[in-house]
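Peer 1: Numbering (the numbering used here), first residue to last: 179 to 464.
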Amino acid sequence: MTDDPSPRPTVPPSPDIDRPHDERPQHTGNPAGAAVDGNIHVGYWDSAADDRSLDQATDRLTDLVAERLAGAPGRRLLDVGCGTGRPALRIARATGAQVSGVSVSSQDIDLARTRADATALADRVDFRYADACALPFDDASFDGAWAIESMMHIADRTTALTEIARTLRPGSPLIVTDVLLRSPVTGESAETVRQACRAFGSPALPEPAELRTALDRAGLEVVEFHDIADHVRRTYQAFADAFDGVEPAADDPHRAFFTATRCLPRFGALPQVGYVFLVARRAVAR
Numbered sequence: 179m180t181d182d183p184s185p186r187p188t189v190p191p192s193p194d195i196d197r198p199h200d201e202r203p204q205h206t207g208n209p210a211g212a213a214v215d216g217n218i219h220v221g222y223w224d225s226a227a228d229d230r231s232l233d234q235a236t237d238r239l240t241d242l243v244a245e246r247l248a249g250a251p252g253r254r255l256l257d258v259g260c261g262t263g264r265p266a267l268r269i270a271r272a273t274g275a276q277v278s279g280v281s282v283s284s285q286d287i288d289l290a291r292t293r294a295d296a297t298a299l300a301d302r303v304d305f306r307y308a309d310a311c312a313l314p315f316d317d318a319s320f321d322g323a324w325a326i327e328s329m330m331h332i333a334d335r336t337t338a339l340t341e342i343a344r345t346l347r348p349g350s351p352l353i354v355t356d357v358l359l360r361s362p363v364t365g366e367s368a369e370t371v372r373q374a375c376r377a378f379g380s381p382a383l384p385e386p387a388e389l390r391t392a393l394d395r396a397g398l399e400v401v402e403f404h405d406i407a408d409h410v411r412r413t414y415q416a417f418a419d420a421f422d423g424v425e426p427a428a429d430d431p432h433r434a435f436f437t438a439t440r441c442l443p444r445f446g447a448l449p450q451v452g453y454v455f456l457v458a459r460r461a462v463a464r
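1. I'd like the list of long-range same chain contacts for V220, defined as Cβ closer than 6 Å, with 5 residues on each side in sequence excluded.
2. Nearest-angstrom Cα distance between V277 and I326?
3. Quick one: grab the DSSP three-state call for L299.
4. Within the segment 372-405, note down every full beta strand (DSSP E) run reaching 3 residues or more, in order along the chain.
5. Within 10 Å of its beta-carbon, does T364 have 16 or more other beta-carbons around it, so buried, or fewer, so exposed?
6. Which residue marks the beginning of the beta strand (DSSP E) containing Q415, and which one marks its end?
7. Could you check the C-alpha separation between L442 and A226 for me, to the nearest Å?
8. Tell me the rounded alpha-carbon separation between E385 and P251.
9. Which term fits R440, buried or exposed, when burial requires 16 or more other beta carbons within 10 angstroms of its beta carbon?
10. Ordered along the chain, which non-local residues of its own chain (more than five positions away) have a Cβ less than 6 Å from that of L313?
11. Determine the contact status of L255 and S367, defining contact as a CB-CB distance below 7 Å.
12. Put I332 into one of helix, strand or coil per three-state DSSP.
13. Using 7 Å as the threshold, is the C-beta distance between A270 and D257 below it?
14. Below 8 Å on the Cβ atoms is my guess for L247 versus T273; work out the distance and round it to an integer in Å.
15. In terms of residue numbering, what span does the alpha helix (DSSP H) encompassing G322 cover?
16. Consult DSSP for G349 and reduce its assignment to one of helix, strand or coil.
17. Does the segment 391-401 come close enough to the segment 456-464 to have 3 or more Cβ pairs within less than 8 Å?
18. Determine whether the beta carbon atoms of L358 and L393 lie at a separation below 7 Å.
19. Quick check on the burial criterion: 16 or more other C-beta atoms within 10 angstroms. Buried or exposed for G259?
20. For Y307, which beta-bridge partners are listed by DSSP?
21. May I ask you to list the residues that DSSP assigns as paired with G423?
22. To the nearest angstrom, how far is the alpha carbon of Y222 from that of P351?
23. Please state the DSSP three-state secondary structure of T206.
24. What is the C-beta distance between W324 and V451, in whole angstroms, given that I count them as a contact (C-beta under 8 Å)?
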């Protein structure tokens with residue numbers, strides 16, 4: 179793996195100011211999403227000197243994904259694990275493509291639909307409750323797909339990737355970004371990873387060999403496979419800082435998340451923890 183996805187400057191980053199309505203701060207109902215204005219994923223900083231805010235850095239990661247999708251008017255894209263919809267709306271606006279997002283959180287779907295309804299994009303973006311392992315779309319329906327930090331939440335990644343591949347037209351790209359476990363952990367490090375998995379709601383973090391095998395079995399050819407952990411590590415401390423001093427009530431449904439965030443700086447500092455940015459394509463029949 180290399181450590182830089184060689185960004186292509188085709189999608190301009192957006193500053194925090196002068197945002198459209200759907201990208202202004204909103205209460206998402208999800209504590210992670212609330213911390214980064216609706217983005218429920220890590221931020222990307224180009225270098226140690228990059229002074230982007232966490233919010234701007236999460237948009238930066240979305241832009242890197244958009245650049246690999248080659249979306250355009252008339253094309254149809256799939257967001258697997260769409261969260262509260264901000265990446266889908268951002269990519270739809272930047273590319274002109276039609277975007278469908280799916281999630282197994284009905285709360286997030288409701289919030290994503292609210293975001294879409296508040297924009298001029300509602301006719302080009304739709305969100306629905308669906309499992310990545312049983313997608314409600316016809317074969318070869320999409321010209322591209324992405325999954326930002328979705329694989330970590332899926333126990334059967336081979337089935338999910340096979341389903342995504344089924345919905346892609348031959349030669350179409352899939353972009354996956356996700357927390358990665360580079361190598362096994364033991365002792366205190368293993369406990370830190372377990373705590374982080376509880377915070378993420380993850381059964382287990384994917385490993386490089388596992389992902390490559392699952393992609394191959396799904397009929398997806400790897401085009402790029404980068405470990406960009408050094409570009410995203412600031413996120414873990416930023417999340418911990420965002421919730422520092424928060425004492426949720428005993429019956430708060432997010433209590434476990436708030437408690438677990440305290441381990442995130444330790445988690446992000448572990449050398450075994452990586453972050454994958456990969457591009458794959460559905461194989462073309464020969």
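Heads up, the beta-carbon is just placed ideally off N, CA and C, and yes, glycines get one too.
Peer 2: So, from the listed chains and residues:
1. As a first step, residue 220 is located in the sequence shown; it is residue number 42 there, counting from the start. Around V220: V410, T413.
2. Against the sequence shown, residue 277 aligns to sequence position 99. Against the sequence shown, residue 326 aligns to sequence position 148. In this model, V277 and I326 are separated by some 15 Å (Cα to Cα).
3. As a first step, residue 299 is located in the sequence shown; it is residue number 121 there, counting from the start. In this structure, L299 counts as coil in the three-state DSSP scheme.
4. Here the runs fully enclosed are 398-405.
5. On the sequence shown, residue 364 is found 186 positions in, with the first residue counted as 1. Answer is exposed; the Cβ neighbour count stays below 16.
6. What you label residue 415 is simply residue 237 of the sequence shown in a count that begins at 1. It is not in any beta strand (DSSP E) - Q415 instead sits in the alpha helix (DSSP H) that spans 412-420.
7. For the purposes of this step, residue 442 is taken as residue 264 along the sequence shown, with counting starting at 1. For the purposes of this step, residue 226 is taken as residue 48 along the sequence shown, with counting starting at 1. Their backbone Cα atoms lie some 20 Å apart in a straight line.
8. As a position in the sequence shown, residue 385 is number 207, starting the count at 1. As a position in the sequence shown, residue 251 is number 73, starting the count at 1. Their backbone Cα atoms lie some 35 Å apart in a straight line.
9. The residue given as residue 440 occupies position 262 in the sequence shown. Label assigned to R440: exposed.
10. As a position in the sequence shown, residue 313 is number 135, starting the count at 1. Excluding five sequence positions before and after L313, the CB atoms of its chain that fall closer than 6 Å to its own CB belong to E341, T345, given in chain order.
11. Taking the first residue of the sequence shown as 1, we reach residue 255 at position 77. Taking the first residue of the sequence shown as 1, we reach residue 367 at position 189. No, they are not a contact pair.
12. Within the sequence shown, numbered from 1, the residue matching residue 332 stands at position 154. Of the three classes helix, strand and coil, the one that applies to I332 here is coil, per DSSP.
13. Within the sequence shown, numbered from 1, the residue matching residue 270 stands at position 92. Within the sequence shown, numbered from 1, the residue matching residue 257 stands at position 79. Between A270 and D257, the CB-CB gap reaches or exceeds 7 Å.
14. Taking the sequence shown and counting its residues from 1, the one referred to as residue 247 is at position 69. Taking the sequence shown and counting its residues from 1, the one referred to as residue 273 is at position 95. Contact between L247 and T273 holds, since their C-beta atoms are separated by about 7 Å, short of 8 Å.
15. By one-based count along the sequence shown, residue 322 stands at place 144. That residue, G322, is in no alpha helix (DSSP H); its beta strand (DSSP E) goes 322-326.
16. Position 171 of the sequence shown, counting from 1, holds the residue named residue 349. Coil.
17. yes
18. Within the sequence shown, numbered from 1, the residue matching residue 358 stands at position 180. Within the sequence shown, numbered from 1, the residue matching residue 393 stands at position 215. Going by C-beta atoms, L358 is not nearer than 7 Å to L393.
19. As a first step, residue 259 must be located in the sequence shown, where it is residue number 81. Per the 10 Å Cβ criterion, buried.
20. The residue given as residue 307 occupies position 129 in the sequence shown. Paired residue(s): S281.
21. On the sequence shown, residue 423 is found 245 positions in, with the first residue counted as 1. DSSP lists no partner for G423.
22. Mapped onto the sequence shown, residue 222 falls at position 44. Mapped onto the sequence shown, residue 351 falls at position 173. Near 21 Å, if we compare the C-alpha coordinates of P351 and Y222.
23. The sequence position of residue 206 within the sequence shown is 28, counting from 1. Any reading at T206 needs caution, since the residue's pLDDT is 39, under 50, leaving its predicted position unreliable; the model's value is listed next. Here T206 sits in coil by DSSP.
24. As a position in the sequence shown, residue 324 is number 146, starting the count at 1. As a position in the sequence shown, residue 451 is number 273, starting the count at 1. Actually they do not touch by this definition, with Cβ atoms about 22 Å apart.
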